[in-house]
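Notes follow the structure.
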Amino acid sequence: MNQMKEVSSGEMLSLCKRRGFIYPAYEIYGGIAGLYDYGPLGTALKGNIADLWRRIYALQEGFVEIDGDSVGPEAVFKASGHVDNFADLSVTCKECGESFRADHLAKGLHPNPDSLSAEDLQRLLRDNGVKCPCGGEFADVEEFNLMFKTRIGPGGGRTGYLRPETAQSIFVNYVNLYRHCRERLPFGCIQVGRGYRNEISPRQGVIRLREFNMMEAELFVDPEDKTWPRYMDVRDRKVRLVPNTDEKEVEMTLGEAVDSGIIGNETLGYFIWVTYDFLTSAGIDPQRLRFRQHLKTEMAHYAADCWDAETLISFGWTEIVGIADRGCWDLSQHIKHSKADLTAFKRFDEPRDVERDAVKPKFGALGPRFKGAAGDIKKQLESMDASAVHDGLVTVTVNGEPVDLDTAYYEVVRVKEKVNGVRVVPHVIEPSHGLDRILYSCLEHAYTEKEDGYVTLRLKPAVAPIKVGVFPLMAKDGMAEVAKALDMALREEGIVTYYDDSGSIGRRYARMDEAGTPWCVTVDYDTLEKGDVTVRERDTAEQKRISADDVVTWVRDRLRRKLSY
RNA sequence: GCGGACAUAGUCUAGCGGUCAGGACUGAAGCUUCCCAAGCUUCGAACCCGGGUUCGAAUCCCGGUGUCCGCACCA
1213 MNQMKEVSSG
1223 EMLSLCKRRG
1233 FIYPAYEIYG
1243 GIAGLYDYGP
1253 LGTALKGNIA
1263 DLWRRIYALQ
1273 EGFVEIDGDS
1283 VGPEAVFKAS
1293 GHVDNFADLS
1303 VTCKECGESF
1313 RADHLAKGLH
1323 PNPDSLSAED
1333 LQRLLRDNGV
1343 KCPCGGEFAD
1353 VEEFNLMFKT
1363 RIGPGGGRTG
1373 YLRPETAQSI
1383 FVNYVNLYRH
1393 CRERLPFGCI
1403 QVGRGYRNEI
1413 SPRQGVIRLR
1423 EFNMMEAELF
1433 VDPEDKTWPR
1443 YMDVRDRKVR
1453 LVPNTDEKEV
1463 EMTLGEAVDS
1473 GIIGNETLGY
1483 FIWVTYDFLT
1493 SAGIDPQRLR
1503 FRQHLKTEMA
1513 HYAADCWDAE
1523 TLISFGWTEI
1533 VGIADRGCWD
1543 LSQHIKHSKA
1553 DLTAFKRFDE
1563 PRDVERDAVK
1573 PKFGALGPRF
1583 KGAAGDIKKQ
1593 LESMDASAVH
1603 DGLVTVTVNG
1613 EPVDLDTAYY
1623 EVVRVKEKVN
1633 GVRVVPHVIE
1643 PSHGLDRILY
1653 SCLEHAYTEK
1663 EDGYVTLRLK
1673 PAVAPIKVGV
1683 FPLMAKDGMA
1693 EVAKALDMAL
1703 REEGIVTYYD
1713 DSGSIGRRYA
1723 RMDEAGTPWC
1733 VTVDYDTLEK
1743 GDVTVRERDT
1753 AEQKRISADD
1763 VVTWVRDRLR
1773 RKLSY
């Protein structure tokens, strides 16, 4: 580590392409900014990171996993807020070509310009004669929504969008998942998939993509109970935090942070630890990892509290995971727009007898007057209690029109009811991971280069695309046959290998070092006589002799990851 | 989206109007009992795309695309 050199993003991307981790997409047609393809090693690395994540969330924490669609109808994203909030309005000067955010120009002309439609902003700017600082006239207000819009079905079809986050597929499946998880809180659901954002100006290689991979977890919790059983096991763990109060980096235990209110609740604190555990297991350097709390002003429209895991890479501190307490925002929005019942039933320990003043319909009067609508009015009245009565009248809606009813149509009666529980809209804790950014951070943090330019990727064995390089010292005298048999034995155990018998042994080690392969096994003349092989460790270049028969077990032991519980 | 710089094999680069576009590393085949990018032989591989100027364009001009740096943007 002492001879470590800082890697630049250019060198990193060059290695990524050379070794088959990441390729710029559609290169033979000139490429498209913000789109990259994963090559053979990158695909394996990405899969391994996702599998490690699944081990933690699905196996260890018991979340279920789904796989939702990438394309969805407009209503979903109306409800989620993306249609309205995910857009910017801009104007361009006809003279100098400079473009401005329209709502910024309207500051001072309106109490809340951000809330205006394109047409209203247009009128506001026109009426007030707003001009470019250069004196030029502005062209019409343009709307730019960061979602990819499409049509579902032939002809005009229905307006659809490519999802800007995977989370919505989980929220829209809430009812199914709630039942699947036996109607109990808390329960969690994860999803690994792609999201799409038509970024104005993608930069920084794989950090800002137009199509990207996410690993999102949605944990549905009781709004009144954000404690977490296993929190006690992690409260003494130390992490580096940057709270939004003074924005200074502090190292403290999660227990201290939760107790002092810096972290909003136990569950949030617990998942900050889970995230730390996951990222460092995947190969993120703990020294280049911190958790930063969102400033009140930068918090998304839905978030109650939000912590980002940030890594230090050549582009600076970069957000790779967001852990947000989204409150009841998402489910409430979908309840409002879809009218579905996205709640959880909290059963009381014992049924409670509740007395209340109910509104009881008088069918003798309602039926003759309202005919077919009477049934609906009955439902409305039964959902009310005495507090809905004002000046002896209650208001119901008939065919969309409000109608006041007097006591000829209802009466207030005191009723005794047995109540078994209450329905609540669960709150959502969301750890949302940018898989591409995590992968890239792992590569940068794994990258080491010696003075002579020798590059080693110290990827963690768990995520390394190739686990073992298998070589005959030379491809003759029967060594190749022995090496091939060993290679096959490893692959039969599901261990990814790379067999190589070309060039010098040093060159083959070097190739594996640059691909991040943790171990190499070499068959030599001694193997033919004594049956042992050389096992060479990537990070130390140390070699030891073990029996060829033990290689599979030796590797498997080192790849096994224990669950924390 | 705006301004600036840049664009040559997989990678790094030389060439800046005129022979088969040169090198290094990588890659492939082979030789060498070969454990850390050794050596030798042979081979493969490139002028971002589209127009224009010119007898002739990798080279000059225009447009596009991409990359990098600023600005803006980043729910």
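Using the working numbering, the letters of the first sequence map in sequence onto residues 1213 to 1777. Beta carbons: idealized from backbone N, C-alpha and C, even for Gly.
When beta bridges are read from the DSSP output, Phe1289 appears opposite no residue.
For Arg1564, the uninterrupted beta strand (DSSP E) run begins and ends at Ala1556 to Pro1573, by DSSP. Per the DSSP secondary-structure output, Pro1614 pairs in a beta bridge with Thr1609. Pairing Asp1618 with Glu1594, the inter-Cα distance amounts to about 15 Å. The Cβ atoms of Asp1648 and Val1387 lie no closer than 7 Å to each other.
Contact annotation: Val1625 and Lys1590 have beta-carbon atoms that are not nearer than 7 Å. Rounded to whole angstroms, the Cβ separation of Leu1524 and Arg1500 is 4 Å, and the two are in contact under 8 Å.
Secondary structure at Glu1663: coil, using DSSP grouped into helix, strand and coil. A direct Cα-to-Cα measurement between Ala1674 and Lys1258 gives close to 11 Å.
Under the 10 Å beta carbon count, Lys1688 is surrounded by fewer than 16 other beta carbons and is classified as exposed. The Cβ atoms of Glu1377 and Gly1405 do not sit closer than 7 Å to each other. Going by DSSP, Thr1465 is part of the beta strand (DSSP E) stretching over Val1462 to Thr1465.
With a cut-off of 8 Å on Cβ pairs, the region 1704-1711 is not in contact with the region 1748-1760, counting fewer than three such pairs.
If you look at His1549, you'll find it in the alpha helix (DSSP H) that goes Trp1541 to Ser1550.
Taking each of Tyr1666, Ile1402 and Val1733 in turn and checking the Cα distance to Trp1766, the smallest one comes out for Val1733. Taking the C-beta atoms as reference points, Glu1411 is found no nearer than 7 Å to Ala1379.
When the beta-carbon positions are compared, Ile1474 and Pro1455 come within less than 7 Å of each other. Nearest to Asp1489 by alpha-carbon distance, out of Lys1361, His1506, Lys1450 and Gly1232, is Lys1450. For Ile1268, there is no enclosing alpha helix (DSSP H), as DSSP marks it with neither H nor E.
Of the residues Asp1458, Thr1457, Arg1452 and Arg1670, the one whose Cα lies closest to the Cα of Leu1466 is Arg1452. Secondary structure remark: continuous alpha helix (DSSP H) runs of at least 4 residues inside the region 1664-1733, in chain order: 1691-1704 and 1717-1727. Look at Glu1522 here: in three-state DSSP terms it is strand.
Contact annotation, Lys1548 with Val1634: C-beta distance approximately 19 Å; criterion of less than 8 Å not satisfied. The three-state secondary structure of Tyr1408, taken from DSSP, is strand. Here Thr1509 carries a coil assignment [DSSP, helix/strand/coil]. Val1454 carries a strand assignment under DSSP once its states are collapsed to helix, strand and coil. Measuring C-alpha to C-alpha distances from Asn1385 to each of Gly1400, Ser1716 and Thr1739 identifies Gly1400 as the nearest. Looking from the CA of Met1359, the closest CA among Gly1246, Asn1425 and Arg1409 belongs to Arg1409. A direct Cα-Cα distance of roughly 41 Å separates His1506 from Arg1768. For Val1219, no beta strand (DSSP E) segment is defined, and its DSSP state is neither H nor E.
The beta carbons of Val1735 and Ala1697 sit no closer together than 7 Å.
Annotation: Thr1739 is outside any beta strand (DSSP E); the continuous alpha helix (DSSP H) that includes it extends over Tyr1737 to Lys1742. Taking Asp1597 as the centre and dropping the five residues before and after it, the same chain places the C-beta of Arg1568, Asp1569, Ala1570 and Val1571 closer than 7 Å to its C-beta, in chain order.
Judged by pairs of C-beta atoms under 8 Å, the region 1533-1549 does not touch the region 1598-1607, as fewer than three such pairs exist. When secondary structure is reduced to three states using DSSP, Gly1368 falls in the coil class, being assigned neither helix nor strand. By the CB criterion at 7 Å, Gly1495 and Ala1658 fall inside the cutoff.
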